[in-house]
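Below: the structure, in structure tokens.
Residue numbers (my numbering): 1 to 131.
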């Protein structure tokens with residue numbers, strides 16, 4: 001699921017990282033002042049990195065560090081609000097981010113049961129010497 005979301009959002013990832021973050025770096029180098037373009041340009045890589053680390057922890061079945069799902073969600077929401085006309089390009093990644101944030105805040109997947117794993121079938125193997 002995570003890989004599909006990343007692949008479907010790859011154009012948005014490339015556009016945001018190369019376009020907006022690149023413009024922020026150029027703006028910072030030219031003016032050496034921190035404006036809104038630079039702040040958004042710094043929030044975009046952090047949002048994508050937080051989505052990556054939350055997804056990696058989700059696949060491994062362990063919790064992510066608190067700052068990835070709290071600050072990363074804030075950065076992702078800020079970027080989605082700032083670029084709302086283009087947010088549809090990253091819609092699968094936004095949906096994955098919402099799911100992963102809920103997963104890490106609750107500490108378990110929403111559909112998790114009691115945690116007990118039951119075997120589907122048991123097989124008993126007998127040989128001639130097991131009499």
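Virtual Cβ for every residue (Gly too), placed ideally from N, Cα, C. Treat the numbers as computed from the prediction; the structure is a model and nothing was measured.
Worksheet item: Should the segment 92-100 be regarded as contacting the segment 51-58, the criterion being three or more beta carbon pairs within less than 8 Å?
Response: Touching, yes, given that three or more Cβ pairs across the two stretches are closer than 8 Å.
Worksheet item: If you draw a straight line from the alpha carbon of residue 106 to that of residue 69, how long is it in whole angstroms?
Response: Spanning the two alpha carbons is a distance of roughly 11 Å.
Discussion item. Less than 6 Å between C-beta atoms, sequence neighbours within five positions excluded: which residues of the same chain meet that for residue 40?
Written reply: Same-chain partners within the cutoff: 82.
Worksheet item: What is the DSSP secondary structure of residue 74, counted as helix, strand or coil?
Response: Note: residue 74 maps to helix in three-state DSSP.
Practice prompt. Apply the 10 Å Cβ neighbour rule to residue 85 and answer buried if 16 or more other Cβ atoms are within range, or exposed otherwise.
Written response: The residue is exposed, with fewer than 16 neighbouring Cβ atoms inside 10 Å.
Discussion item. On a Cα-Cα basis, can you pick out the residue from 44, 80, 50 and 78 that is closest to residue 72?
Written reply: The candidate whose alpha carbon is nearest that of residue 72 is 50.
Item to complete: Compute the beta-carbon to beta-carbon distance between residue 43 and residue 75, rounded to the nearest angstrom, for a pair I have assumed lies under 8 Å.
Response: About 4 Å separates the CB atoms of residue 43 and residue 75; that is less than 8 Å, so the two are in contact.
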